[in-house]
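Structure record follows, encoded as structure tokens.
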Amino acid sequence: TSAIFVGFESAPSPDDARGQRYLRETVESYAALATTDAVLRPVIDTVGGFPTVDGLASAVHIEVPDDSVLIEVGVTGGPEDAASAVAEAIASQLVATTNADAQRVPGFGRVTLQVVPGVSAPGSRSTIEITARVLAGLCVGALVGAGLVTARAVWRARTAEV
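Quick note: the sequence shown uses the numbering used here, first residue 448, plus one each step.
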């Protein structure tokens, strides 16, 4: 998975609802462009792995987390490292395609996209699920261990009384 940050050249204040709304709407538009011929054709020419734009488009999964200015690009099929390389190539090509034609927004400057290397978008299942499962496993293990120690102590105390 690869993540793309969408923002302005000049950052609006967090209180500027107009700028934030414009960015969220723009993020949705850019996300839709990720599976177009203009983005995918150069990726196929550079990275390969898929014979047609339609074939690659069917393997691409674009997600925009709610109320976010991030675009998450994922690719299914093939080895994980190859899918990751294709996702990064798509993200880079989307950035190159959109930044070349970026328009200025009065009061904010140009809308720019930037690949966030090696980072999953916030809320990404892979990051959250692994952390949650590890923590849950540690908690369950600690509780089971404490229960066994307590049970053994009670058993020894009762057998010592007899």
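Yeah, the Cβ is synthetic: ideal placement off N, Cα and C, and Gly gets one too.
Other residues of its chain near residue i: CB distance less than 6 Å, five sequence neighbours each side excluded
i, result
"A464", "none"
"G570", "Here G570 scores only 46 on pLDDT, less than 50, and its place in the model is too uncertain to base an answer on."
"T482", "A504, V507"
"R557", "E456, A549, R551"
"T597", "none"
Selection from the options that minimises the alpha carbon distance to residue i
i, options, result
"T473", "V486, V591, A485, I451", "I451"
"L480", "V542, D514, V587, Q561", "V542"
"L487", "A583, P564, V552, E535", "E535"
"V453", "T597, G584, V563", "V563"
"G502", "T493, R599, G594, G524", "G524"
"A478", "V516, T499, G466, P489", "V516"
"D528", "G496, A604, L595", "G496"
"Q561", "P553, A547, F555", "A547"
"V533", "I491, Y469, D484", "I491"
"V500", "D514, D484, R468", "D484"
"S539", "T493, A583, T597", "T493"
"L470", "S531, P498, F555", "F555"
Sheet register partners of residue i (DSSP bridge)
i, result
"S449", "V520"
"R551", "R557"
"G454", "T559"
Extent of the continuous beta strand (DSSP E) run through residue i
i, result
"T483", "Taken as a continuous stretch (DSSP letters only), T483 belongs to no beta strand (DSSP E), as it is neither H nor E."
"G556", "556–563"
Contacts around residue i, its chain only, beta-carbon distance under 7 Å, and the 5 residues preceding and following it disregarded
i, result
"E608", "none"
Proximal residues to residue i (C-beta, below 8 Å), its chain only, five neighbours per side dropped
i, result
"E475", "V511"
"T559", "V453, G454, F455, E456, N546, A549"
Near the ligand FAD: residue i beta-carbon under 7 Å from a heavy atom
i, result
"V558", "For the ligand FAD, the structure offers nothing, since it holds no ligand at all."
*Could you pull out every unbroken alpha helix (DSSP H) segment of at least 4 residues lying fully inside the stretch 486–517, listed in chain order?*
500–506
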